[in-house]
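With positions in the sequence shown counted from 1, the corresponding number in my numbering is that position plus 206.
We treat Cβ as the ideally placed atom computed from N, Cα and C, and that holds for glycine.
Since we're looking at a predicted model, the values are computed, not measured.
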Amino acid sequence: MRLIGHGSPAIRATHAKTLELTADAEITERATCVVAVGVERAAAPLAGPVRITISAGAEEFTLEARANPAWHPAGPAVIRRSPLRLPGTLATHASAAASDLPRPLVAALQHREARVEVTVEPIHGRPCAVLFAVDPGLPRDARLLAEFAAADLVVAEDDEAARMFGERVGHGPVSVDGRVLVLAVRDLPGQTVLAALRDVEVETIGLPPTLAAAAASPSRGPLLLAPDGADPRELLRRTPAGTRLVLSCDAEQLPDLMRRAAEIRGPGGAVLVQPYAPPVRIAPGGRPTLPSKASVVVCFDADDGDDGEAALDPRVRAALDGLLADGVPTKTAANALAALTGWDRRRAYDTVVGWRSDGRTPRLR
Numbered sequence: 207m208r209l210i211g212h213g214s215p216a217i218r219a220t221h222a223k224t225l226e227l228t229a230d231a232e233i234t235e236r237a238t239c240v241v242a243v244g245v246e247r248a249a250a251p252l253a254g255p256v257r258i259t260i261s262a263g264a265e266e267f268t269l270e271a272r273a274n275p276a277w278h279p280a281g282p283a284v285i286r287r288s289p290l291r292l293p294g295t296l297a298t299h300a301s302a303a304a305s306d307l308p309r310p311l312v313a314a315l316q317h318r319e320a321r322v323e324v325t326v327e328p329i330h331g332r333p334c335a336v337l338f339a340v341d342p343g344l345p346r347d348a349r350l351l352a353e354f355a356a357a358d359l360v361v362a363e364d365d366e367a368a369r370m371f372g373e374r375v376g377h378g379p380v381s382v383d384g385r386v387l388v389l390a391v392r393d394l395p396g397q398t399v400l401a402a403l404r405d406v407e408v409e410t411i412g413l414p415p416t417l418a419a420a421a422a423s424p425s426r427g428p429l430l431l432a433p434d435g436a437d438p439r440e441l442l443r444r445t446p447a448g449t450r451l452v453l454s455c456d457a458e459q460l461p462d463l464m465r466r467a468a469e470i471r472g473p474g475g476a477v478l479v480q481p482y483a484p485p486v487r488i489a490p491g492g493r494p495t496l497p498s499k500a501s502v503v504v505c506f507d508a509d510d511g512d513d514g515e516a517a518l519d520p521r522v523r524a525a526l527d528g529l530l531a532d533g534v535p536t537k538t539a540a541n542a543l544a545a546l547t548g549w550d551r552r553r554a555y556d557t558v559v560g561w562r563s564d565g566r567t568p569r570l571r
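Following this line, the structure appears as structure tokens:
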């Protein structure tokens, strides 16, 4: 992609979080993120990691970012340090902003006659699974075309997606060694890239935030989507740990909910979805960077158990807590645990002994 504009005496390039290429012919000095005006935008959106070079005369500067396939050439062209794909965002996760431009380049950009050239070229990035929910009514979706061009591998998750794209797609499961585009009309992500979701970056396109969080989770236990207005703490207490739980909460509530989830469900991870941003994997004990005021969606992983058995239901945990707190003998508590879970008596007995020996609250295993 090549965008051509020109300079302006009003360019200051002092914004520390973004830079912008505007089609407007004139700006004021308050537009501290603008680095070019009168920019022509006869270009299609790109996807994936990119290298962006801004040049004027003999001066140039290069940064890296992630292209936004939903960018529309008719609107603004903003490059952000943050992950937020707000309308008009050309790229996110940028390694630099307007304030990082060398001052000789900024001086060159302040000449009205200066020709400003911005080139955006794809580069190889970290492994990433792109989960794309295909709308059969929009086969020429510009986002899909951009993702096709950026992908190292394209796979169909279901038969309907395979029929739509024919020989251009393969079938899973596959490893995620580069940028893998997973197409599905019905279920995401299925089995194609499930084994890799815990270790690679994940993007979702065409899904509402609740389903995006669920799709990006590496767990495949039963799924519970919390109803609007439900109490997150009560849901954590009542939902079996073997179930993926998706709920909405205020960003400021999330640290407390993560601590509570670790206490009730065991030390599992989660997937966070902020407005206008791709999913973020939260490792057990992790602390994500969050906006101070926003509603976010979080999917708590299901505990699949070390040996494939169902995770302990919170109500069973509470019952065992009560028995142990009342001083019930180990054998009696173990028999109760075996009866309530279906575990064999040896496993139940060893588990209760372990709980009592370390003095901790009973855990799932």
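Simplified DSSP state of residue i, which is helix, strand or coil
{"i": "GLU327", "result": "strand"}
{"i": "ASP405", "result": "coil"}
{"i": "LEU206", "result": "In this structure the chain extends from 207 to 571, so residue 206 is not present and cannot be described."}
{"i": "GLY491", "result": "coil"}
{"i": "ALA483", "result": "coil"}
{"i": "VAL502", "result": "strand"}
{"i": "ILE217", "result": "coil"}
{"i": "GLY372", "result": "helix"}
{"i": "ALA545", "result": "helix"}
{"i": "ILE210", "result": "strand"}
{"i": "PRO255", "result": "strand"}
{"i": "THR538", "result": "helix"}
{"i": "THR228", "result": "coil"}
{"i": "LEU496", "result": "coil"}
Alpha carbon of residue i to alpha carbon of residue j, nearest angstrom
{"i": "CYS334", "j": "GLY378", "result": "15 angstroms"}
{"i": "ALA489", "j": "PHE338", "result": "24 angstroms"}
{"i": "THR445", "j": "ASP306", "result": "48 angstroms"}
{"i": "VAL408", "j": "ASP507", "result": "15 angstroms"}
{"i": "ARG349", "j": "ILE411", "result": "8 angstroms"}
{"i": "ALA303", "j": "ALA262", "result": "17 angstroms"}
{"i": "THR298", "j": "ALA271", "result": "6 angstroms"}
{"i": "ASP513", "j": "THR224", "result": "Note that ASP513 has pLDDT 41, beneath the 50 cutoff, so the model's placement of it is unreliable and the number below is only indicative. C-alpha separation (whole angstroms): 48 angstroms."}
{"i": "ALA280", "j": "LEU227", "result": "12 angstroms"}
{"i": "ARG521", "j": "ALA432", "result": "18 angstroms"}
{"i": "ARG374", "j": "SER381", "result": "18 angstroms"}
{"i": "ARG551", "j": "ARG291", "result": "53 angstroms"}
{"i": "ALA362", "j": "PRO342", "result": "14 angstroms"}
{"i": "ILE329", "j": "ALA356", "result": "9 angstroms"}
{"i": "VAL312", "j": "VAL324", "result": "14 angstroms"}
{"i": "ARG257", "j": "VAL336", "result": "20 angstroms"}
{"i": "ASP462", "j": "ASP383", "result": "35 angstroms"}
{"i": "VAL503", "j": "LEU417", "result": "10 angstroms"}
{"i": "ARG487", "j": "TRP561", "result": "30 angstroms"}
{"i": "VAL525", "j": "ALA531", "result": "Val is not the amino acid found at residue 525; the sequence shown has Ala there. C-alpha separation (whole angstroms): 10 angstroms."}
{"i": "ASP347", "j": "PRO275", "result": "10 angstroms"}
{"i": "GLY427", "j": "ILE470", "result": "17 angstroms"}
{"i": "PRO535", "j": "ARG553", "result": "16 angstroms"}
{"i": "ARG450", "j": "PRO395", "result": "15 angstroms"}
Rounded Cβ spacing between residue i and residue j (contact assumed at less than 8 angstroms)
{"i": "ALA231", "j": "VAL240", "result": "Incorrect: roughly 12 angstroms between the Cβ atoms, too far for contact."}
{"i": "ALA447", "j": "ASP509", "result": "4 angstroms"}
{"i": "MET207", "j": "VAL388", "result": "25 angstroms between Cβ atoms; not a contact."}
{"i": "ALA253", "j": "ALA352", "result": "4 angstroms"}
{"i": "THR238", "j": "HIS212", "result": "Contact doesn't hold; Cβ gap of about 18 angstroms is too wide."}
{"i": "ALA420", "j": "VAL452", "result": "5 angstroms"}
{"i": "SER454", "j": "CYS505", "result": "So it is not a contact: roughly 11 angstroms between Cβ atoms."}
{"i": "ASP364", "j": "ASP393", "result": "6 angstroms"}
{"i": "TRP277", "j": "PRO251", "result": "4 angstroms"}
{"i": "GLU246", "j": "LEU209", "result": "7 angstroms"}
Residue-chain proximity (residue i, chain D), Cβ-Cβ < 8 angstroms
{"i": "ARG552", "result": "Absence of chain D from the displayed structure is noted, only one protein chain being present."}
The region 360-380 / the region 317-327 touching (three or more Cβ pairs under 8 angstroms): No, the region 360-380 is not in contact with the region 317-327.
Three Cβ pairs or more, each shorter than 8 angstroms: is that satisfied between the region 478-486 and the region 430-447? These segments do not touch.
Beta strand (DSSP E) runs wholly inside the region 257-333, at least 3 long, in chain order: DSSP runs (the beta strand (DSSP E)) wholly in the region 257-333: 265-273, 283-286, 295-298, 321-328.
Whole alpha helix (DSSP H) runs in the region 378-447 with 4 or more residues, listed along the chain? DSSP runs (the alpha helix (DSSP H)) wholly in the region 378-447: 415-422, 438-444.
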